[in-house]
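Asks: Just so you know, we're using the working numbering here: the sequence shown kicks off at 10 and counts up by one.
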Amino acid sequence: MRATQLGGCVTACGLVAGAELAMTVYPFLLRGVTLSGIASADCPAGKRREIWRRLAGDWKPPNLDAMVTEVALIQLPTQVEKILQGQIAGRVLVQLPD
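1) Could you pull out every residue in the same chain whose Cβ sits closer than 8 Å to the Cβ of Met-76, ignoring the five residues on either side in sequence?
2) What span of residues does the alpha helix (DSSP H) with Leu-93 cover, start to end?
3) At which residue ranges does the region 46-84 contain complete alpha helix (DSSP H) runs of 4 or more residues, listed in the order of the chain?
4) Using three-state DSSP, classify Arg-11 as helix, strand or coil.
5) Quick one: what does DSSP say Leu-38 is sitting in, helix, strand or coil?
6) Please state whether the Cβ-Cβ distance between Val-103 and Leu-73 is less than 7 Å.
7) Cβ of Thr-43 within 7 Å of Cβ of Cys-18?
8) Is DSSP giving Thr-33 helix, strand or coil here?
9) Going along the chain, which residues of its own chain have a beta-carbon closer than 7 Å to the beta-carbon of Leu-15, five neighbours each way excluded?
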């Protein structure tokens with residue numbers, strides 16, 4: 010939310026942990042931010058393909074590689090420690106052995 014620009018939009022998709030959204034409304038009110046829900050299960054296949062094509066193309070973030078750290082399964086305990094210490098930003102992708 011902190012990075013959302015004035016008048017921006019944030020989305021909620023796939024709330025698998027439950028239907029609750031525990032956050033304050035202040036960022037929405039003070040910045041004029043819109044919360045938009047994504048009903049991905051009801052999205053037609055053609056529209057999904059178009060969205061994935063755009064996400065892989067002109068919507069792809071320029072710094073995507075910096076958002077992901079790839080590690081081998083054997084390195085996972087070390088990475089979990091780094092995550093718990095706040096030393097990892099983004100996602101950790103675990104490469105499973107063949």
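We put the beta carbon where it would ideally sit given N, CA and C, even for glycine. Only a predicted model underlies this, so the values are computations on that prediction, with no experimental measurement involved.
Replies: In this structure, then:
1) Indexing the sequence shown from 1 puts residue 76 at position 67. Cβ neighbours of Met-76 beyond the five flanking positions: Pro-70, Ala-98, Gly-99, Arg-100.
2) By 1-based counting over the sequence shown, the position of residue 93 is 84. Note, Leu-93: alpha helix (DSSP H), 85-93.
3) 54-65
4) By one-based count along the sequence shown, residue 11 stands at place 2. Correct three-state label for Arg-11: coil.
5) Taking the first residue of the sequence shown as position 1, residue 38 is located at position 29. Leu-38 falls in the helix class under three-state DSSP.
6) Sequence index remark: in the sequence shown, residue 103 carries index 94 (1-based). Sequence index remark: in the sequence shown, residue 73 carries index 64 (1-based). No; because the gap between Cβ atoms is not below 7 Å, this pair is not in contact.
7) Along the sequence shown, one-based indexing puts residue 43 at 34. Along the sequence shown, one-based indexing puts residue 18 at 9. For Thr-43 and Cys-18, yes; Cβs fall inside 7 Å.
8) Residue numbering aside, residue 33 sits at position 24 when the sequence shown is read from its first letter. Coil, per DSSP.
9) Counted from its first residue, the sequence shown places residue 15 at position 6. If we look at Leu-15 and ignore the five residues flanking it on each side, its Cβ neighbours are Arg-40, Gly-41.
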